[in-house]
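Chemist: For the sequence shown, my numbering assigns the number 45 to the initial residue and increments by one for each residue that follows. For reference, the structure I am asking about is given below.
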Amino acid sequence: MFCFQCEQTKRGRGVAACVLPPTTCGKEPSTAGLQDLLLHAVQGIAQYTTRSRALGVADDEEVSAFIALAVFSTLTNVNFSDERIVELIRQAADLRDRARDTYRKAARAAGLAPDTPGGPASWQPAADLDGLLLQAGVAALDADTTAGPDVIGLRALNLYGIKGICAYAYHAHALGHDDPEVYAGVESALAYLAGGPNDLEQLLGRSLELGLVNLAVLKLLDAANTGRFGTPVPTPVRTSPVAGPAILVSGHDLGDLETVLEQTAGLGINVYTHGELLPAHGYPKLAAHPHLVGNYGGAWQEQAAEFAAFPGAILMTSNCLIEPRDSYADRIFTLGPVAWPGVRHLDVHDISAAIEAARAAGGFAGTGLQQDQEPSSVLVGFGADAVLAVAGPVVEAVRSGAVRHFFLVGGCDGAKAGRNYYTRFAQSAPDDTVLLTLGCGKFRFNHLDFGDIGGIPRLLDVGQCNDSYSAIRIATALAEALDCGVNDLPLTLVISWFEQKAVAVLLTLLALGLRNITLGPSLPAFLTPALLEILVDRFGISPIGEVEADLERALARVPAAAG
Numbered sequence: 045m046f047c048f049q050c051e052q053t054k055r056g057r058g059v060a061a062c063v064l065p066p067t068t069c070g071k072e073p074s075t076a077g078l079q080d081l082l083l084h085a086v087q088g089i090a091q092y093t094t095r096s097r098a099l100g101v102a103d104d105e106e107v108s109a110f111i112a113l114a115v116f117s118t119l120t121n122v123n124f125s126d127e128r129i130v131e132l133i134r135q136a137a138d139l140r141d142r143a144r145d146t147y148r149k150a151a152r153a154a155g156l157a158p159d160t161p162g163g164p165a166s167w168q169p170a171a172d173l174d175g176l177l178l179q180a181g182v183a184a185l186d187a188d189t190t191a192g193p194d195v196i197g198l199r200a201l202n203l204y205g206i207k208g209i210c211a212y213a214y215h216a217h218a219l220g221h222d223d224p225e226v227y228a229g230v231e232s233a234l235a236y237l238a239g240g241p242n243d244l245e246q247l248l249g250r251s252l253e254l255g256l257v258n259l260a261v262l263k264l265l266d267a268a269n270t271g272r273f274g275t276p277v278p279t280p281v282r283t284s285p286v287a288g289p290a291i292l293v294s295g296h297d298l299g300d301l302e303t304v305l306e307q308t309a310g311l312g313i314n315v316y317t318h319g320e321l322l323p324a325h326g327y328p329k330l331a332a333h334p335h336l337v338g339n340y341g342g343a344w345q346e347q348a349a350e351f352a353a354f355p356g357a358i359l360m361t362s363n364c365l366i367e368p369r370d371s372y373a374d375r376i377f378t379l380g381p382v383a384w385p386g387v388r389h390l391d392v393h394d395i396s397a398a399i400e401a402a403r404a405a406g407g408f409a410g411t412g413l414q415q416d417q418e419p420s421s422v423l424v425g426f427g428a429d430a431v432l433a434v435a436g437p438v439v440e441a442v443r444s445g446a447v448r449h450f451f452l453v454g455g456c457d458g459a460k461a462g463r464n465y466y467t468r469f470a471q472s473a474p475d476d477t478v479l480l481t482l483g484c485g486k487f488r489f490n491h492l493d494f495g496d497i498g499g500i501p502r503l504l505d506v507g508q509c510n511d512s513y514s515a516i517r518i519a520t521a522l523a524e525a526l527d528c529g530v531n532d533l534p535l536t537l538v539i540s541w542f543e544q545k546a547v548a549v550l551l552t553l554l555a556l557g558l559r560n561i562t563l564g565p566s567l568p569a570f571l572t573p574a575l576l577e578i579l580v581d582r583f584g585i586s587p588i589g590e591v592e593a594d595l596e597r598a599l600a601r602v603p604a605a606a607g
């Protein structure tokens with residue numbers, strides 16, 4: 045197998061990819077190969093749907109939603125089940141044939157002779173698993189031996205951007221929100237990659253187009269979340285346990301969390317969030333459930349120890365799953381696109397097995413607090429609307445010099461060394477600076493007390509990585525209020541990345557023209573030295589360095605807003 049899509053990529057002995065088992069994420073070569081084949085099949089669907097759109101045919105909503113689900117299933121730490129992926133491949137082949145028939149009918153109706161695309165559009169799946177695994181070699185990202193590493197790298201940049209977009213689109217679709225333009229953008233990009241493009245400038249341009257598609261889907265997801273659950277408000281979230289049976293819900297899917305809360309209402313079972321679901325407590329309609337009692341644990345990579353210690357059932361709603369340990373394998377369950385061999389998969393509308401497991405596990409015996417000791421908590425809920433509600437005082441604080449600089453210290457967390465940089469950066473930021481954060485990278489420092497500036501908390505938790513649109517809204521509104529461009533704000537982006545949703549957000553930032561982004565803890569392995577040089581020259585991207593030097597460089601910039 046060959047994989048370099050995430051930040052956990054192996055870098056030993058000159059190899060910047062996971063090429064043999066054991067992989068860092070635990071994925072078997074068969075699983076990786078089948079996922080490559082699933083992407084190949086999905087590209088075949090897109091070759092036909094893009095042709096149909098050109099003839100004015102309305103979207104087939106089932107096909108578009110399937111593409112989002114299938115591509116999302118190939119992200120790092122989502123689906124590790126060969127059986128489930130084979131099912132998706134079979135379904136993709138059927139939908140590809142349906143898309144083909146739709147296109148041919150439309151072409152004939154327009155008086156045109158239907159063409160027959162090559163490559164993925166004409167591929168037929170083998171009858172059994174062994175045959176599919178033999179076919180998988182042609183679908184690998186590095187299968188094209190005529191393309192150089194720069195071309196492969198930019199194809200990867202496009203593909204991983206598509207993966208991130210599909211993850212966000214899946215979450216929005218689950219809440220009943222779809223945008224035909226988003227699906228059109230995704231499928232156009234998939235069809236483009238199916239043709240084996242080699243032009244570097246065109247590949248780079250297409251990746252920036254994907255950044256704008258991702259902006260649209262982030263806006264769609266923001267509307268889906270706030271429309272369903274209300275606008276987030278600043279909310280303290282208890283991190284000390286509550287006595288009683290417990291269910292832990294991890295991942296990103298707010299809709300799944302709501303369904304769990306509805307099914308456990310009145311049963312005497314406490315529900316906790318984990319990882320990227322921490323910001324759920326800021327949504328009024330979710331917080332209104334009294335048995336949503338708090339958050340347990342931190343970022344995804346700590347789950348093996350945290351899940352083992354959690355005395356209840358665990359539900360994984362989206363990406364961020366790692367191999368379950370035997371100590372909790374009988375009380376962890378997957379939902380939606382998530383799967384691991386041997387782990388029970390549930391329909392979110394029937395979690396009775398998880399409820400039984402929670403009761404059997406017993407839950408927390410007590411709070412773990414000493415007499416008169418207050419429960420610990422962290423503060424969430426500083427989405428765009430909450431921050432912009434106090435925009436006047438914030439702008440005045442900037443103009444008066446009370447707030448010298450904003451740092452967006454956010455993104456993914458991970459297990460590899462070097463991520464303590466973000467803790468040290470947040471701790472070292474001067475007292476007259478404000479820290480915005482989103483994504484699970486916040487767990488490196490969100491438990492620390494940063495104080496406030498004139499009543500404005502110095503640490504503002506904007507939400508999940510899914511809430512990146514809020515951060516963009518905040519930056520845009522501040523620029524308008526200060527009558528300057530976003531790049532002229534006293535703002536520095538200090539981003540940690542791990543997987544493909546982070547790639548999609550990075551493409552959005554680049555497409556919007558944001559410069560001087562600091563990225564780490566290590567740069568994507570698919571970016572060759574030549575590609576990195578392009579990103580540095582055109583967009584000012586730089587790898588993280590030493591905390592003190594990076595802070596000094598950021599604060600030395602004199603933005604127009606502060607000038």
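No residue lacks a Cβ here, since even glycine has one placed at the ideal position from N, Cα and C.
So which of Glu592, Glu543 and Ile578 has the shortest CA-CA distance to Pro568?
Modeler: Of the candidates Glu592, Glu543 and Ile578, the one whose C-alpha sits nearest the C-alpha of Pro568 is Glu543.
Chemist: If you run the structure through DSSP and keep just helix, strand and coil, what is Asn123?
Modeler: Strand.
Chemist: Report back the beta-carbon spacing between Leu359 and Val293 to the nearest angstrom; my notes put them in contact at under 8 angstroms.
Modeler: About 5 angstroms separates the two Cβ atoms, so the contact holds.
Chemist: Who are the near neighbours of Ala405 in its chain, counting only those whose CB is closer than 8 angstroms to its CB and skipping five residues on each side?
Modeler: Closer than 8 angstroms at Cβ, skipping near neighbours: Pro289, Ala290, Pro355, Gly356, Ala357 and Arg375.
Chemist: Taking Gly255 as the reference, which of Pro565, Ala548, Phe487 and Ala268 has the closest Cα?
Modeler: Ranking Pro565, Ala548, Phe487 and Ala268 by Cα distance to Gly255 puts Ala548 first.
Chemist: Could you check how far apart the C-beta atoms of Thr120 and Cys62 are, in whole angstroms? I think they sit under 8 angstroms.
Modeler: That belief does not hold up - the Cβ atoms of Thr120 and Cys62 are roughly 10 angstroms apart, past 8 angstroms.
Chemist: For the candidate residues Pro381, Val580, Phe487 and Val506, whose alpha-carbon lies nearest to that of Val115?
Modeler: Closest by alpha carbon: Pro381.
Chemist: If you check the beta carbons only, do Asn490 and Val422 fall under 8 angstroms apart?
Modeler: Going by C-beta atoms, Asn490 is nearer than 8 angstroms to Val422.
Chemist: When you compare the segment 419–435 with the segment 499–515, are there three or more beta-carbon pairs, one atom per stretch, that lie closer than 8 angstroms?
Modeler: At 8 angstroms Cβ cutoff, the stretches touch.
Chemist: Exposed or buried, Arg57, counting other C-beta atoms within 10 Å across all chains shown (16 or more means buried)?
Modeler: Only weak support exists for where Arg57 lies, its pLDDT of 48 falling under 50; the value from the coordinates is given anyway. Result: exposed.
Chemist: Alpha carbon to alpha carbon, what distance is there between Ala150 and Ala157?
Modeler: Going by the C-alpha atoms only, they are around 10 angstroms apart.
Chemist: Please state the DSSP three-state secondary structure of Arg57.
Modeler: Note that Arg57 scores 48 on pLDDT, short of 50, meaning its location in the model is unreliable; the coordinates nonetheless yield the value given after this. Three-state result, Arg57: helix.
Chemist: Looking only at its own chain, which residues have a Cβ that is under 6 angstroms from the Cβ of Val478, when we skip the five neighbours before and after it?
Modeler: Counting only Cβ-Cβ distances below 6 angstroms, and skipping sequence neighbours, we find Val447, Phe450 and Arg502.
Chemist: Counting Cβ pairs closer than 8 angstroms, one from the segment 176–185 and one from the segment 104–113, do we hit at least three?
Modeler: Judged by Cβ distances under 8 angstroms, the segment 176–185 makes no contact with the segment 104–113, as fewer than three pairs qualify.
Chemist: Would you mind reading off the limits of the beta strand (DSSP E) that contains Gly564?
Modeler: Its beta strand (DSSP E) spans residues Thr562 to Gly564.
Chemist: Alpha carbon to alpha carbon, what distance is there between Arg403 and Phe8?
Modeler: Any question about residue 8 goes unanswered here, given that the chain covers just 45 to 607.
Chemist: Between Val392, Val337, Thr361 and Pro224, which has its C-alpha nearest Ser108's C-alpha?
Modeler: Measuring from the Cα of Ser108, the nearest candidate turns out to be Pro224.
Chemist: Suppose contacts are defined by Cβ-Cβ distances below 8 angstroms. Is Ala260 in contact with Val226 by that definition?
Modeler: For Ala260 and Val226, yes; Cβs fall inside 8 angstroms.
Chemist: Please classify Ala153 as buried or exposed, where buried requires at least 16 other C-beta atoms within 10 Å of its C-beta.
Modeler: So Ala153 counts as exposed.
Chemist: Alpha carbon to alpha carbon, what distance is there between Ala348 and Gln91?
Modeler: Rounded to the nearest angstrom, the two C-alpha atoms are 41 angstroms apart.
Chemist: Buried or exposed for His416, going by 16 or more other Cβ atoms inside 10 Å?
Modeler: First, the amino acid is wrong: residue 416 is Asp here, not His. Its Cβ having fewer than 16 others within 10 Å, Asp416 is exposed.
Chemist: How would you label Gly205, buried or exposed, when you count the other beta carbons within 10 angstroms and need 16 or more for buried?
Modeler: Buried is the call here.
Chemist: For a test of the three-state rule: what should DSSP assign to Gly338, helix, strand or coil?
Modeler: Strand.
Chemist: Helix, strand or coil: how does DSSP classify Arg601 here?
Modeler: In the structure shown, Arg601 sits in coil (DSSP, three-state: anything other than H, G, I, E or B).
Chemist: Can you check which of these residues, Leu379, Arg388, His333 and Cys364, is closest to Ala373 by C-alpha distance?
Modeler: Closest by alpha carbon: Arg388.
Chemist: For Gly564, collect the residues of the same chain with a Cβ closer than 7 angstroms to its Cβ; drop the 5 residues on either side in sequence, then sort them by chain order.
Modeler: Excluding positions up to five away in sequence, the list reads Gly462, Tyr465, Ser540, Pro587 and Ile588.
Chemist: Buried or exposed, going by whether 16 or more other CB atoms sit within 10 Å of the CB of His393?
Modeler: Classification of His393: exposed, given that the 10 Å Cβ count is below 16.
Chemist: If you measure from the beta carbon of Gly197 to each beta carbon in chain C, is any gap under 8 angstroms?
Modeler: Absent from the structure is chain C; it holds one protein chain and no more.
Chemist: Who are the near neighbours of Thr93 in its chain, counting only those whose CB is closer than 6 angstroms to its CB and skipping five residues on each side?
Modeler: Ala143 and Glu231.
Chemist: Under the three-state reduction of DSSP, which class applies to Ala154: helix, strand or coil?
Modeler: Coil.
Chemist: Considering Tyr316, what are the terminal residues of the beta strand (DSSP E) in which it resides?
Modeler: Where Tyr316 is concerned, the enclosing beta strand (DSSP E) stretches over Asn314 to Thr317.
Chemist: From Gly338 to His325, what does the alpha carbon distance come to, in whole angstroms?
Modeler: Cα to Cα, Gly338 sits roughly 8 angstroms from His325.
Chemist: Could you say which of Gly192, Gly454, Leu571 and Leu64 lies nearest to Asn510 if we only look at CA atoms?
Modeler: The shortest C-alpha separation from Asn510 is found at Gly454.
Chemist: Could you check what DSSP says for His491 in three-state terms: helix, strand or coil?
Modeler: Three-state result, His491: coil.
Chemist: Here's the rule I'm using: 16 or more other beta-carbon atoms within 10 Å means buried, otherwise exposed. How should Arg128 be labelled?
Modeler: Classification for Arg128: buried.
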